[in-house]
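Trainee:
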C-alpha cells in the first residue's frame, strides 16, 4: 500500500526536505522547520539521514495509540496485512514484535504497550492476545480458521442490518461470505446499535438459534460475547421492532432560552434560523454510555458516545423534534424547542446539570444598524450582548436556559 492510500485511512505523515544545504545557514533553516512542526504536533518523531548523494532527508513518524491504533490494527488484522508486510497464521494471528518493527517502514511508531492497552481497554474487545501474538476476533474479509469450539447457543439471538438490505435479506437470508462469519448478539440492543446510523434506522432480526442448532448448524462464541455462524436461512428469521421487545415510554423534553431586551425597539428575528441545542445525559439506555451527547442532525436524534475507544461514536435514537417557537414581548424574547425520546419503560434519562453550553441560538437584526447578529444564552447571568458592528447593547442574560422533562406512557 502506498503512502497516498495510507493517508486516506488517516495513517502516517511523511515529509521530506530534499537536498538541504550542509552550509551553516542551510542547517539553521532546516531545524527551524523541524522546531516549528514539533511545537505543532508533539506526537511525531523525526529521523534524519543522508543518502549516497549526501542529500538530507527528514521522515516524520506518527505515533499511534488508542482509537487510531485500534483502527490500524483492524486494517492489518482483518483486511490488509500487506499494508506493513506482516504474515498471519491460519487462525489470523500476527506477531506483535513484527507489527511494531514493520510499522516503521511506513513511518508509524507502534509500541507493544500501546497494543496491549488497546486490547485491555477497548470497549468492543475486538482483539485477542495470546503470548506474543494478536488476532482480530471477528470481521475478517479473508478466510481464517476458527479456533473456538462449536457450542450450543441461546434459544434466541439477534442480528441488525441496514434498512436498504431489508428486501434482499428477507428473501435470501443471511449469507456469510468467504471466511466471514455472521455475528449474532445475545440481546436486541447490541444488534440495534451496530447498524443504527442510517436515517431510517436498522432492521433487526430475531434468530431462532436454538432450532438452528438442533437442525445441525454450528455456532461459535467469541471472547467479546458475540455468537457467530456461517449462514442463517430465512425460515429461522423474523423482523422485530423495539416496542415488540420492551415496553416503551415517551420522554418529552422542553428547552427554553431567555434574552432580556435592553432596547425598547422590536427586534427583527431571522425566522429561518432554528438551531437546536444539544444536551448531555449521564446514561443512554441503548449504548449504556456513562456520558453521552444527544443532538439533532438531519431530522434524526443522535447519541454521541463519549468513550475511550472513540470520542464521538454515534448511533440513532428513537426520537423526533416536536416543536419550535420564538416568543417576543416588550421585555424579552423566549426561544423554546421541544422534542421527544422513546426509551424503555424501566429506564431513566438523567440529564446532566451542566448539560447546555449555549442553549438555543438566536439570529437577529440590530434595530439601529440592521446588521445580522448571532447570540446564545450561555452559562452565566449578567452577560450583555452587543451588536457586532455598532456595539449597541441589545440583550442581557438575566436567567439561564431551562430544561424540563415529562414522562408519558405509550
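In my numbering, the protein residues as written are 220 to 629.
Beta carbons: idealized from backbone N, C-alpha and C, even for Gly.
Measuring alpha carbon to alpha carbon, tell me which residue in 434, 467, 413, 407 is nearest residue 459.
Mentor: 407
Trainee: How would you label residue 609, buried or exposed, when you count the other beta carbons within 10 angstroms and need 16 or more for buried?
Mentor: exposed
Trainee: Helix or strand or just coil, what does DSSP make of residue 357?
Mentor: coil
Trainee: Could you give the distance in angstroms between the alpha-carbon of residue 558 and the alpha-carbon of residue 545?
Mentor: 15 Å
Trainee: Spatial neighbours of residue 419 within its chain, please: C-beta separation below 7 Å, excluding the five flanking residues on both sides.
Mentor: Contacts found: 382.
Trainee: Taking the C-alpha atoms as reference points, what is the distance between residue 586 and residue 499?
Mentor: 35 Å
Trainee: What's the gap between the Cα of residue 617 and the Cα of residue 482?
Mentor: Rounded to whole angstroms, residue 617 and residue 482 show a C-alpha spacing of 15 Å.
Trainee: Would residue 445 and residue 504 qualify as a contact pair, given that the criterion is a beta-carbon distance under 8 Å?
Mentor: no
Trainee: Is residue 541 buried or exposed, if buried means 16 or more other CB atoms sit within 10 Å of its CB?
Mentor: exposed
Trainee: Cutting at 6 Å between CB atoms, please list the residues of its own chain near residue 555, excluding the five before and the five after it.
Mentor: Counting only Cβ-Cβ distances below 6 Å, and skipping sequence neighbours, we find 475, 544.
Trainee: Give the range of the beta strand (DSSP E) segment to which residue 379 is assigned.
Mentor: First-last of the beta strand (DSSP E) with residue 379: 375 to 381.
Trainee: Near residue 412, what residues of its chain come up, given a Cβ to Cβ distance below 7 Å and the 5 sequence neighbours on each side ignored?
Mentor: Leaving aside the five residues that flank residue 412 on each side, the residues in its chain whose CB is nearer than 7 Å to its CB run, in chain order, 505, 506, 534.
Trainee: Taking the alpha-carbon of residue 380 as reference, which of 453, 350, 423 has the nearest alpha-carbon?
Mentor: 423
Trainee: Mind checking residue 596: buried by the 16 CB within 10 Å criterion, or exposed?
Mentor: Buried is the call here.
Trainee: Do you know offhand how far residue 366's Cα is from residue 569's?
Mentor: 42 Å
Trainee: Put residue 407 into one of helix, strand or coil per three-state DSSP.
Mentor: Looking at residue 407 - three-state DSSP - the assignment turns out to be helix.
Trainee: How do the stretch 510 to 524 and the stretch 438 to 453 stand: do at least 3 beta-carbon pairs fall below 8 Å, yes or no?
Mentor: Flag = no, the stretch 510 to 524 and the stretch 438 to 453 do not touch.
Trainee: When the Cα atoms are used, what is the spatial distance from residue 561 to residue 316?
Mentor: 48 Å
Trainee: Taking just the CA atoms, how far does residue 394 sit from residue 490?
Mentor: 51 Å
Trainee: Is the distance from the Cβ of residue 205 to the Cβ of residue 378 below 8 Å?
Mentor: The requested residue 205 is not part of the displayed model; the chain covers only 220 to 629.
Trainee: Would you list the one or two residues that DSSP bridges to residue 547?
Mentor: 552
Trainee: What three-state label does DSSP hand residue 605 in the structure shown?
Mentor: strand
Trainee: What does the alpha-carbon distance come out to for the pair residue 286 and residue 337?
Mentor: 8 Å
Trainee: Please classify residue 457: does DSSP put it in a helix, a strand, or coil?
Mentor: Here DSSP, grouped into helix, strand and coil, assigns residue 457 to strand.
Trainee: Is the separation between the beta-carbon of residue 583 and that of residue 488 shorter than 8 Å?
Mentor: Contact flag set, yes.
Trainee: What residue from 437, 627, 291 has the CA that sits closest to residue 355's CA?
Mentor: 291
Trainee: For residue 319 versus residue 302, is the C-beta distance shorter than 8 Å?
Mentor: no
Trainee: Quickly, what does DSSP pair residue 521 with across the bridge? List them, please.
Mentor: 514, 535
Trainee: Going straight from the alpha carbon of residue 361 to that of residue 523, what length do you get?
Mentor: 31 Å
Trainee: Residues in the same chain with beta-carbon distance under 7 Å from residue 550, minus the five sequence neighbours each way, listed in chain order, please.
Mentor: Hits under 7 Å: 479, 480.
Trainee: Have a look at 492, 538, 571, 473 and flag the residue whose alpha-carbon is nearest the alpha-carbon of residue 467.
Mentor: 538
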